[in-house]
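Since the structure comes first, as structure tokens, the remarks are kept for the end.
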Amino acid sequence: MEELELGYNSQLFARAVEALMQLPGVGRKSAQRYMLHLLQRGEMQDRFVQPIADCLTGMQHCPECLGFSDTGVLCPTCADESRTNGQLCVVADVRDQLAIERAGGFNGKYFVLGGLIDPMGGIGPEQLPIAQLLQRVQDGGIEEVILAFSVNMEGDTTTFYLRRKLEDLNVRISVPARGMPFGETLEQTDEITLGQALRQRTSVHEPMGLAVED
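One rule links them: number in my numbering = place in the sequence shown (from 1) + 25.
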């Protein structure tokens, strides 16, 4: 075990630091600083540690969009009756959904795939809830499916595959306008660019008699 900057070795402290380092953007020094802060301020433990533990054990996937929700209920977006049921935005994960919400301008519903097709990474279509997505569209009420993925090889591959699967379901299929740099994730894209890309989205399959609802 690498000796800590504290001047002593502690297996418990080291494991906690290593765990925090799994979070995006958290290095060793930051992780050590966070843990020391929690240890030195005992009252922080109940206010910080317990809510996180409750979240990790108490949240589940929303039965409708497969995002996250409290146990036994729809997520706030799916439960919001003011949102447009006829538009379904398909995203790779919840971070992309949050990015679109921050950008504003979209008032439909979501479906979270939980990943993208990545043959090189060993992720094929059968490992994603594509059958559940198709069933939701087939159940009726969906007029437009927006495939909103990051602009990279995996995103393009997933868009191509889903487009082929959705074309026979009598829905408009659209994608965000090409305004985002290749390789940039939706989360990394600034809100103005992402919002414009969604508002100026391009139809790649449009059945007769359907109109975009903005």
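Backbone N, C-alpha and C define an ideal beta-carbon position, used for all residues, glycine too.
Given the structure is predicted, the values throughout are model-derived calculations rather than measurements.
Taking only three categories from DSSP, how would you classify SER107?
For this step, residue 107 is matched to residue 82 along the sequence shown. Correct three-state label for SER107: coil.
Once DSSP output is grouped into helix, strand and coil, what is the label at ASP95?
Position 70 of the sequence shown, counted from the start, is the residue given in the question as residue 95. Three-state result, ASP95: strand.
Answer yes or no: do GLY133 and GLY220 have a C-beta to C-beta separation smaller than 8 Å?
Working through the sequence shown from its first residue, we reach residue 133 at position 108. Working through the sequence shown from its first residue, we reach residue 220 at position 195. No; because the gap between Cβ atoms is not below 8 Å, this pair is not in contact.
Does the Cβ of PRO101 have 16 or more other Cβ atoms within 10 Å, making it buried, or fewer, making it exposed?
Against the sequence shown, residue 101 aligns to sequence position 76. Exposed, since its Cβ has fewer than 16 Cβ neighbours within 10 Å.
Would you say the region 200-209 touches the region 103-119, given that touching needs at least three Cβ pairs under 8 Å?
Short answer: they don't touch.
Using three-state DSSP, classify ILE148 as helix, strand or coil.
Locating residue 148 in the sequence shown gives position 123, where the first residue counts as 1. In the structure shown, ILE148 sits in a strand (DSSP, three-state: E or B).
Along the chain, where does the beta strand (DSSP E) containing ARG197 start, and where does it finish?
The sequence position of residue 197 within the sequence shown is 172, counting from 1. Taken as a continuous stretch (DSSP letters only), the beta strand (DSSP E) holding ARG197 covers 197-200.
From which residue to which residue does the beta strand (DSSP E) around THR227 run?
As a working note, residue 227 is residue 202 in the sequence shown. Run containing THR227: 227-230, per the beta strand (DSSP E) assignment.
Within the continuous beta strand (DSSP E) that includes GLN163, where are the two ends?
Counting from one through the sequence shown, the residue named residue 163 turns up at place 138. From DSSP, GLN163 is part of no beta strand (DSSP E) but of the alpha helix (DSSP H) over 155-163.
Throw me the rounded Cβ distance for the GLN122 and GLY83 pair, which I believe falls under 8 Å.
Taking the sequence shown and counting its residues from 1, one reaches residue 122 at position 97. Taking the sequence shown and counting its residues from 1, one reaches residue 83 at position 58. About 20 Å; that fails the 8 Å criterion.
Taking 8 Å as the threshold (C-beta atoms), are GLU169 and VAL137 in contact?
Taking the sequence shown and counting its residues from 1, the one referred to as residue 137 is at position 112. Taking the sequence shown and counting its residues from 1, the one referred to as residue 169 is at position 144. No; because the gap between Cβ atoms is not below 8 Å, this pair is not in contact.
Since VAL137 is in the beta strand (DSSP E), which residue starts that stretch and which ends it?
As a working note, residue 137 is residue 112 in the sequence shown. Run containing VAL137: 134-137, per the beta strand (DSSP E) assignment.
Count the other CB atoms within 10 Å of the CB of LEU153; is the residue buried (16 or more) or exposed (fewer)?
Along the sequence shown, one-based indexing puts residue 153 at 128. With 16 or more other Cβ atoms within 10 Å, it is buried.
For ILE125 versus LEU187, is the C-beta spacing smaller than 8 Å?
What you label residue 125 is simply residue 100 of the sequence shown in a count that begins at 1. What you label residue 187 is simply residue 162 of the sequence shown in a count that begins at 1. No.
Is the beta carbon of MET69 closer than 8 Å to that of LEU61?
Start at 1 with the first residue of the sequence shown, and residue 61 comes out as number 36. Start at 1 with the first residue of the sequence shown, and residue 69 comes out as number 44. Their beta carbons are not under 8 Å apart, which means LEU61 does not touch MET69 by this criterion.
Give the single residue among TYR59, GLY111, PHE38 and PHE131 whose Cα lies nearest to the Cα of GLU216.
Working through the sequence shown from its first residue, we reach residue 216 at position 191. Of the listed residues, the one whose Cα sits closest to GLU216 is PHE131.
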